[in-house]
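> For reference, the structure I am asking about is given below.
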Amino acid sequence: MIEVDEIDVSYGNIQVLWDLSFHISEEDSVVAIVGPNGAGKSTLLRVMSGLHPVDDGRVTAWGEDVAGMDPSEVVRQGFVHVSEERNLFGDMTVRENLEMGAYTKRAELRETMREVFELFPILEERQEQRAGSMSGGQQQMLAIGRGLMARPKILALDEPSEGLAPQITTRVFEKIEEISDEVTVLLVEQHVHKALGLAERAYLLENGEMVTEDTGAALLESEHIKQAYL
Ligand code: ATP
């Protein structure tokens, strides 16, 4: 479980998250965070991953303070974050990228890779192909697959539909739903309709503050969401 308790976060002297609280646990299936560009969604994920410090407040992962942890320790604990940039190793093969994802769970590598290939058959077919030569949708599947190689309890996906054609976006969302049967998914998305449709719990983040928390279904019906995002 990750608990974010009243955090303030800045870049230099510009504050971007304000007194923000949030929590997610293995009991959840899909939790969504939606909100406009620049609201602070990616920053929140970076803080949860131990990649960016808090000025005030506290983040704990399974009871331990993330502030004192190396980011790889957060991964080992069970929180894996697939960033918006995907950060694939373009010159390496699909298989090598997947192997890199298992750096905290070497012993289970073969078994996990079999599971990832079951979920994404295209990755098995293309396992010897250079990651950088795959299509955007395939690269997104690979980035998610690589995240799964760390056997997360909670998998955070930052804008998984970014830059993808609508049809591919639909495929990616189908896969996310499938993943959520096994692993808790934290979904950060601009495709508000799709994200809220999947989420049992959802948050609206605006200007660095969590302004609303509700069920995905209730937020879909909210006038504010309808007017601003749908
Ligand atoms: P987007 O979907 O556009 O990434 P977001 O909701 O994820 O939006 P963040 O990327 O977290 O928002 O950005 C929050 C604020 O922090 C924005 O004002 C952004 O300009 C600023 N910011 C983000 N990264 C940095 C950085 N490395 N240095 C300085 N400011 C940053």
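For the record, in the sequence shown the residue sitting at position 5 is 5 according to the UniProt record's numbering, with numbers rising by one throughout. For each residue, glycine too, the CB sits at the ideal point set by N, CA and C.
What residue from Val66, Asp19, Tyr203 has the CA that sits closest to Thr212's CA?
Comparing Cα-Cα distances from Thr212 to each of Val66, Asp19, Tyr203, the minimum goes to Tyr203.
> In the DSSP assignment, what residue or residues form a beta bridge with Val34?
Per DSSP, Glu189, Leu204.
> So Gly57 is in the beta strand (DSSP E); what residue range does that whole segment cover?
Element bounds for Gly57: 56-61.
> From the DSSP secondary-structure annotation, give me the bridge partner or partners of Glu209.
Bridge partners of Glu209: Glu206.
> How many Å lie between Ser25 and Arg130 at the Cα?
Going from the Cα of Ser25 to the Cα of Arg130 covers about 35 Å.
> When you compare only the Cα positions, how much space is there between Tyr229 and Ser161?
When rounded, the distance between both Cα atoms is 16 Å.
> Let me check you understand the geometry: is the CB of Lys194 closer than 7 Å to at least one non-hydrogen atom of the ligand ATP?
Outside the cutoff, so no.
> Alpha carbon to alpha carbon, how far is Thr93 from Ala32? Give it in angstroms, no decimals.
Distance between the alpha carbons of Ala32 and Thr93: 31 Å.
> Below 7 Å, is the gap between the Cβ of Gly35 and the nearest heavy atom of the ligand ATP?
Gly35 Cβ: within cutoff of the ligand ATP.
> Which partner residues of Ala156 appear in the DSSP bridge assignment?
DSSP lists His81, Leu186 as partners of Ala156.
> Can the beta-carbon of Ser49 be found less than 8 Å from the beta-carbon of Val9?
No, these two residues do not count as a Cβ contact at 8 Å.
> Under 6 Å Cβ to Cβ from Gly147, same chain only, skipping five residues before and after it: list those, please.
Closer than 6 Å at the Cβ level, and outside the excluded window around Gly147, lie Val80, Val82, Leu155.
> Which one or two residues does DSSP pair with residue 257 in a beta bridge?
Residue 257 is absent from the model: the chain starts at 1 and stops at 230.
> Could you tell me whether the region 212-228 touches the region 44-59, using the rule of 3 or more Cβ pairs below 8 Å?
The region 212-228 is not in contact with the region 44-59.
> Examine the Cβ distances between the region 5-23 and the region 165-184 and report whether three or more of them are shorter than 8 Å.
No, because fewer than three Cβ pairs between the region 5-23 and the region 165-184 fall closer than 8 Å, the two stretches do not touch.
> Mind checking which residues open and close the alpha helix (DSSP H) that includes residue 237?
With the chain running from 1 to 230 in the structure shown, residue 237 is simply not present.
> Between Ala39 and the ligand ATP, is the CB less than 7 Å from at least one heavy atom?
Yes, the ligand ATP has a heavy atom inside 7 Å of this Cβ.
> Near Thr104, which residues of its chain fall below 6 Å by C-beta distance, leaving aside the five closest residues on each side in sequence?
Taken in chain order, the residues that qualify are Val75, Arg76, Ala150.
> My understanding is that Ile225 touches Val188, with C-beta atoms under 8 Å, so please give their C-beta distance in whole angstroms.
With 8 Å as the limit, Ile225 and Val188 do not qualify as a contact, their Cβ atoms being about 16 Å apart.
> Around the C-beta of Gly216, are 16 or more other C-beta atoms found within 10 angstroms, so that it is buried, or is it exposed?
With 16 or more Cβ atoms within 10 Å of its Cβ, Gly216 is classed as buried.
> Take Arg95 and list the residues in its own chain whose beta-carbon comes closer than 6 Å to its own, dropping the five residues that flank it on each side.
If we look at Arg95 and ignore the five residues flanking it on each side, its Cβ neighbours are Gln127.
> Please find out if some non-hydrogen atom of the ligand ATP comes closer than 7 Å to the beta-carbon of Glu182.
Checking the Cβ of Glu182 against the ligand ATP gives no.
> Which one of Ala102, Leu109, Leu98, Glu174 has the shortest CA to CA distance from Leu142?
Here the closest residue by C-alpha is Leu98.
> Of the residues Ser21, Ser29, Glu27, Lys194, which one's Cα is nearest the Cα of Leu45?
Nearest option by C-alpha distance: Ser21.
> Output needed for Leu88: all residues of its chain with C-beta closer than 8 Å, excluding positions within five of it in sequence on either side, in chain order.
Answer for Leu88: Asn97, Ala131, Gly132, Gln139, Leu142, Ala143, Arg146, listed in chain order.
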